[in-house]
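Engineer:
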Amino acid sequence: MKEKYDELLRRFREISVISQISMLTGWDTEVMMPKGGIEQRGNQQAFLARLIHGKMTDTEIGKLLQEIKNDTNYEKLSLLEKRNIHLIQRDYDKQTKLPADFVVEYTKARVSAVEKWKEARRKNDFALFQPFLEKVFELTKEYTKYLNPDLPSYEVLLDDFEPGMSIESYNKIFDPLKEATIGLIEKCKTATKQPDKTLILRKVSIDIQEKISGDLMSRINFDLDRGRLDTAAHPFTTGAYDDVRITTRYIEDNFTSSLFALMHEGGHGCYEQNLPKELRYQPVGNYCSMGLHESQSRFYENTIGRSKSFWFYYLSKFKELTGSLFGDVEFDDFLLAINRVEPSLIRVEADEVTYNLHIILRFELERDLFEGKIKISDLPHLWKDKMIETLGIPVETDSDGVLQDIHWSGGSFGYFPTYSLGNLYAAQLFAKLVKDIPDWNIQLEKGNVKILTDWMKKNVQEKGNLFDPPELVKEVTGEYPNPKYLIEFLNKKYSEIYGF
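In this note's numbering, the protein residues as written are 1134 to 1633.
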């Protein structure tokens, strides 16, 4: 049986290496590729997708899986070995249901849609993007029918991104969270202490922002010898292990946009760099789930990046890097300004209190879209209606509305809810961290970011994909995912900052 198990892992390693090559072409498309290269790149990525699909659906893998499971010594395998087999079986079952020609067509459609999204966003013209999005949407529905024809498409997608999740399970999270969020927003709005947002709207040159970015990367322990930091239209992270690529975007009159996007992507990047070295190219050596990945990015962005303790230490360095720009700014005023609770147009720039309302909006649109209640052509005006209904602010342009995110162009319907799940995981993990490191805030005030990042590295990142998300959270915290920790975290933090 050992020879068969080793052969199974050898085949998976080969697939993993090709997948990483594909990820690098995706990074290059967003960061380096000339505009005219899109058709050629689409062919390259389609070829790689077909190659991966062919190797993953090789009947020899199915044969190896069957023979290993039927072996009399199967039960003697370790938890890790059984987990590897389970994960390969799950991927094999999924991939064998997808025809190779469909995989190529779906890949090409998404590559083209991403490029058209960029143009439409730049020109504020949803009509340019609509036919491309409609094609991706139809192909995504086709994708779900291959996977599970007996389940509604959106249910398949939710489970695809986060195993075990469904519309019902997200509702159990969103309902109490939405109620608590609305109440907290109202308390912040009527508090005596109010932020002066002009403090953080001062113009900061791109050169200075780049210096801040480089400094922050080292402080959160993202290894730039094993990673890169570049700019792109939409911040993202790709790669794994010793080659992790992060991107951000710089806005001179809104430096916090790049700063917190950088911290967010830095969390993703650290997760990828800290995956268990001894398990590289094995299924268990991969990240656990999209939700756990988001828990890391939100932990770095908000739990650390917007905390009182971090800025108690970092504000002086920040002032040093920005010259005299913020010399007159007091600590309490700055902290209140970067934690201001104010409904905004752009999801990636939303504060951590209102952020989940952005996710709920997208969740509702996706759900209604797949249930046939609305059409793609309805999205622009429904987006505007829901922004007023949910966050109370008007949307003037589609670039700031339905076109603001890249996700749908790439076929990532069902991904958005994992962001809120990431917030939930992050808060619950942090509650355990506080128990394990009671003086965490004192350590952070001294500049010891490493004590927090090392805890997350040991308890989450180095565990790879040994457990499904709920089991990993329970393994670390002693309890299955519970929204009460996020609600308690937000109420405690903002009552202290706003003074109510």
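Just so you know, even glycine gets a beta-carbon here, dropped at the ideal spot from N, CA and C.
Does Asp1363 come out as helix, strand or coil in the three-state DSSP assignment?
Structural biologist: In this structure, Asp1363 counts as strand in the three-state DSSP scheme.
Engineer: When we look at the beta-carbon of Leu1512 and count the other beta-carbons within 10 Å, is it buried (16 or more) or exposed?
Structural biologist: Buried, because 16 or more other Cβ atoms sit within 10 Å of the Cβ of Leu1512.
Engineer: Who are Ala1373's beta bridge partners in DSSP?
Structural biologist: Ala1373 pairs with Asp1376.
Engineer: Does DSSP put Thr1381 in a helix, a strand or coil?
Structural biologist: Three-state DSSP puts Thr1381 in a strand.
Engineer: Alpha carbon to alpha carbon, what distance is there between Ile1630 and Thr1325?
Structural biologist: Rounded to the nearest angstrom, the two C-alpha atoms are 11 Å apart.
Engineer: Taking C-alpha atoms, which residue in Lys1591, Glu1529 and Leu1498 lies nearest to Leu1515?
Structural biologist: Considering only alpha carbons, the answer is Leu1498.
Engineer: Mind the definition here: the stretch 1192-1203 touches the stretch 1234-1250 only if three or more C-beta pairs lie below 8 Å; say whether that holds.
Structural biologist: As far as the Cβ criterion goes, the stretch 1192-1203 does not touch the stretch 1234-1250, which means the pair count is below three.
Engineer: Three or more beta-carbon pairs under 8 Å between the stretch 1465-1477 and the stretch 1527-1542, yes or no?
Structural biologist: The stretch 1465-1477 is not in contact with the stretch 1527-1542.
Engineer: Which of helix, strand or coil does DSSP assign to Gln1537?
Structural biologist: Gln1537: coil per DSSP, three-state reduction.
Engineer: For Phe1503, which residues from the same chain have a beta carbon less than 8 Å from its beta carbon, with the 5 sequence-adjacent residues on both sides left out?
Structural biologist: Answer for Phe1503: Lys1274, Pro1285, Ser1286, Tyr1287, Leu1290 and Phe1546, listed in chain order.
Engineer: Cutting at 6 Å between CB atoms, please list the residues of its own chain near Arg1480, excluding the five before and the five after it.
Structural biologist: Taken in chain order, the residues that qualify are His1491.
Engineer: How many Å lie between Val1486 and Leu1619 at the Cα?
Structural biologist: Looking at the two C-alpha atoms, the distance is approximately 10 Å.
Engineer: Taking the C-alpha atoms as reference points, what is the distance between Glu1248 and Phe1496?
Structural biologist: Each residue's alpha carbon lies about 24 Å from the other.
Engineer: In its own chain, which residues sit with a C-beta less than 7 Å from the C-beta of Thr1455, not counting the 5 before and 5 after it?
Structural biologist: Cβ neighbours of Thr1455 beyond the five flanking positions: Val1337 and Ile1341.
Engineer: Put Arg1457 into one of helix, strand or coil per three-state DSSP.
Structural biologist: Going by the sequence as given, residue 1457 is Ser instead of Arg. DSSP places Ser1457 in coil when its eight states are reduced to three.
Engineer: Alpha carbons only, please: which of Ile1379, Arg1183, Phe1369 and Asn1624 is nearest the one belonging to Asp1358?
Structural biologist: Per the Cα distances, Ile1379.
Engineer: Below 8 Å on the Cβ atoms is my guess for Cys1403 versus Pro1602; work out the distance and round it to an integer in Å.
Structural biologist: Going by Cβ atoms, the distance from Cys1403 to Pro1602 rounds to 18 Å, so no, they are not a contact pair.
Engineer: Report the option in Gly1580, Glu1163, Phe1622 and Val1606 whose CA atom is closest to the CA atom of Pro1368.
Structural biologist: Pro1368 has its Cα closest to that of Glu1163, out of Gly1580, Glu1163, Phe1622 and Val1606.
Engineer: Please determine whether the Cβ atom of Ile1584 lies at a distance below 7 Å from any heavy atom of the ligand HEM.
Structural biologist: Of ligands this structure carries none, so the ligand HEM is not represented either.
Engineer: Could you check where the alpha helix (DSSP H) with Ile1300 kicks off and where it finishes?
Structural biologist: From DSSP, the alpha helix (DSSP H) with Ile1300 extends over Ile1300 to Thr1323.
Engineer: Pair every Cβ in the stretch 1542-1560 with every Cβ in the stretch 1420-1437, then say whether three or more of these pairs are closer than 8 Å.
Structural biologist: As far as the Cβ criterion goes, the stretch 1542-1560 touches the stretch 1420-1437, which means the pair count is three or higher.
Engineer: For the alpha helix (DSSP H) containing Cys1403, name the first residue and the last one.
Structural biologist: Unbroken alpha helix (DSSP H) run through Cys1403: Phe1388 to Gln1406.
Engineer: Please report how far the alpha carbon of Asn1472 lies from the alpha carbon of Trp1541, in whole angstroms.
Structural biologist: Looking at the two C-alpha atoms, the distance is approximately 29 Å.
Engineer: Is the separation between the beta-carbon of Asn1257 and that of Val1417 shorter than 8 Å?
Structural biologist: The answer is no: Cβ separation not under 8 Å.
Engineer: Helix or strand or just coil, what does DSSP make of Asp1139?
Structural biologist: Helix at Asp1139.
Engineer: Taking only three categories from DSSP, how would you classify Phe1451?
Structural biologist: DSSP places Phe1451 in helix when its eight states are reduced to three.
Engineer: Using 8 Å as the threshold, is the C-beta distance between Gly1400 and Glu1434 below it?
Structural biologist: Yes, Cβ-Cβ distance for Gly1400 and Glu1434 is below 8 Å.
Engineer: Give the secondary structure of Gln1199 by DSSP, where H, G and I count as helix, E and B as strand, and everything else as coil.
Structural biologist: Correct three-state label for Gln1199: helix.
Engineer: By Cβ distance, which residues of its chain are closer than 7 Å to Val1462, with the 5 residues on each side in sequence left out?
Structural biologist: For Val1462, where only same-chain residues beyond five positions count, the Cβ hits under 7 Å are Leu1332.
Engineer: Does Tyr1613 pass the burial test, meaning 16 or more other C-beta atoms within 10 Å, or should it be called exposed?
Structural biologist: Exposed is the call here.
Engineer: Quick check on Ile1185: does DSSP put it in helix, strand or coil?
Structural biologist: Ile1185 falls in the helix class under three-state DSSP.
Engineer: Do the CB positions of Leu1197 and Glu1140 come within less than 8 Å of each other?
Structural biologist: Contact flag set, yes.
Engineer: Is Leu1395 closer than 8 Å to Leu1349 when the C-beta atoms are compared?
Structural biologist: Against a cut-off of 8 Å, the Cβ pair of Leu1395 and Leu1349 comes out as a contact.
Engineer: To which residues of the same chain is Thr1436 closer than 7 Å at the C-beta, ignoring the five residues directly before and after it?
Structural biologist: Only Ala1559 and Phe1563 meet the Cβ criterion.
Engineer: Report the rounded CA-to-CA distance for Asp1224 versus Ser1449, giving the unit in angstroms.
Structural biologist: So the two alpha carbons sit approximately 49 Å from each other.
Engineer: In the DSSP assignment, find the alpha helix (DSSP H) that holds Met1350 and state where it starts and stops.
Structural biologist: Taken as a continuous stretch (DSSP letters only), the alpha helix (DSSP H) holding Met1350 covers Ile1339 to Arg1352.
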